[in-house]
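Q: Numbering (my numbering), first residue to last: 330 to 588.
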């Protein structure tokens with residue numbers, strides 16, 4: 330089967346957030362080591378493993394560029410070099426906050442407030458690395474369309490290979506699969522208490538990470554983390570220069586289709 334790559338945010342391996350996420354999901358996505366998951370009152374251990382299985386498969390992360398197969402004309406070495414250059418131009422996104430909340434029926438770490446800076450970072454990852462993405466097959470498109478998609482989301486799927494990017498993007502770090510309301514309502518306060526120390530701390534997005542999946546039935550592993558090396562001032566100067574010189578590829582914005 331075809332290998333896939335993804336560009337994610339993953340916290341530093343030494344951070345408290347990374348430790349919390351890996352322990353809750355039961356796997357360290359950097360080392361690949363399985364971890365003992367915490368015991369939760371009112372939930373059998375087998376059920377904890379079950380509701381975290383999908384998130385464990387992908388690793389503790391926030392998606393910036395969704396999983397993609399490599400274009401035939403591209404190589405991993407080229408992607409690695411491009412990611413290193415990309416990170417050099419990015420300044421850490423500071424002053425953010427996290428909270429435990431719900432999104433489409435599952436529980437996740439979400440931003441306390443919507444952030445244009447985070448949305449722009451995700452959009453840049455989708456656009457700047459689009460040339461590395463193999464176009465999805467008709468089978469993959471049919472699979473994606475099995476979930477109800479709006480005309481706008483279908484347009485994003487056709488253009489970028491995934492329906493929940495650009496304006497449809499929402500930063501989240503998945504903690505559970507979709508749960509029935511009763512179970513979700515019981516689990517939500519437990520996870521809020523468990524993640525309270527990290528959810529209430531100042532949160533910074535300071536890197537992008539390359540993840541790799543050998544085949545669809547294998548878990549994703551972190552290949553490399555690329556710390557941001559730019560400064561806010563230098564990036565603001567670069568953006569002003571780009572605006573003065575006219576539109577660029579990275580400034581092209583995908584708009585929802587007219588109805």
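Using N, Cα and C, we set each Cβ at its ideal position, and we do this for glycine too.
Just reading off the alpha helix (DSSP H) that residue 415 is part of, what are its end residues?
A: Element bounds for residue 415: 405-417.
Q: Can you tell me whether residue 496 is buried or exposed? The criterion is at least 16 other CB atoms within 10 Å of its CB, across all chains shown.
A: The residue in question, residue 496, is exposed, as its Cβ has fewer than 16 Cβ neighbours within 10 Å.
Q: Can you look up residue 429 in the DSSP assignment and give me helix, strand or coil?
A: It is a strand residue.
Q: Could you work out which residue in 335, 391 and 396 is closest to residue 346 when comparing CA atoms only?
A: Of 335, 391 and 396, the residue nearest in Cα terms is 391.
Q: Assess, as a yes-or-no matter, whether the stretch 382-401 is touched by the stretch 447-456 under the definition of 3 or more beta carbon pairs within less than 8 Å.
A: Output reads yes: the stretch 382-401 touches the stretch 447-456.
Q: So the beta strand (DSSP E) residue 542 belongs to, where does it begin and stop?
A: Here the beta strand (DSSP E) through residue 542 covers 536-542.
Q: Please report the Cβ distance between residue 460 and residue 416, rounded to the nearest whole angstrom; I am assuming they are in contact, meaning their Cβ atoms lie under 8 Å.
A: Not a contact, Cβ separation roughly 18 Å.
Q: Leaving out the 5 sequence neighbours to the left and right, which residues in its chain are closer than 7 Å to residue 331 when beta-carbon positions are compared?
A: Result list for residue 331: 398, in chain order.
Q: By how many angstroms is the C-alpha of residue 560 removed from the C-alpha of residue 385?
A: Each residue's Cα considered, the two are about 34 Å apart.
Q: Report yes or no: do three or more beta-carbon pairs, one from the stretch 504-523 and one from the stretch 367-379, lie closer than 8 Å?
A: Counting Cβ pairs under 8 Å, three or more are found: they touch.
Q: Select from 414, 463 and 359 the residue whose C-alpha is nearest the C-alpha of residue 402.
A: With distances taken between Cα atoms, residue 402 lies closest to 463.
Q: When the Cα of residue 427 is compared with those of 333, 502 and 498, which residue comes out closest?
A: For residue 427, the nearest C-alpha among the options comes from 502.
Q: What beta strand (DSSP E) runs, 3 residues minimum, are completely inside the stretch 500-554?
A: Runs of the beta strand (DSSP E) inside the stretch 500-554: 501-503, 532-534 and 536-542.
Q: Which residue wins for smallest C-alpha separation from residue 435, given the options 382, 365 and 548?
A: The shortest C-alpha separation from residue 435 is found at 382.
Q: Compare the C-beta of residue 350 with all C-beta atoms of chain C and state if any pair is closer than 8 Å.
A: Judged by its chain identifiers, the structure shown contains no chain C, having just a single protein chain.
Q: For residue 422 versus residue 430, is the C-beta distance shorter than 8 Å?
A: No. Outside cutoff.
Q: Do residue 486 and residue 492 have their CB atoms nearer than 8 Å?
A: The answer is yes: Cβ separation under 8 Å.
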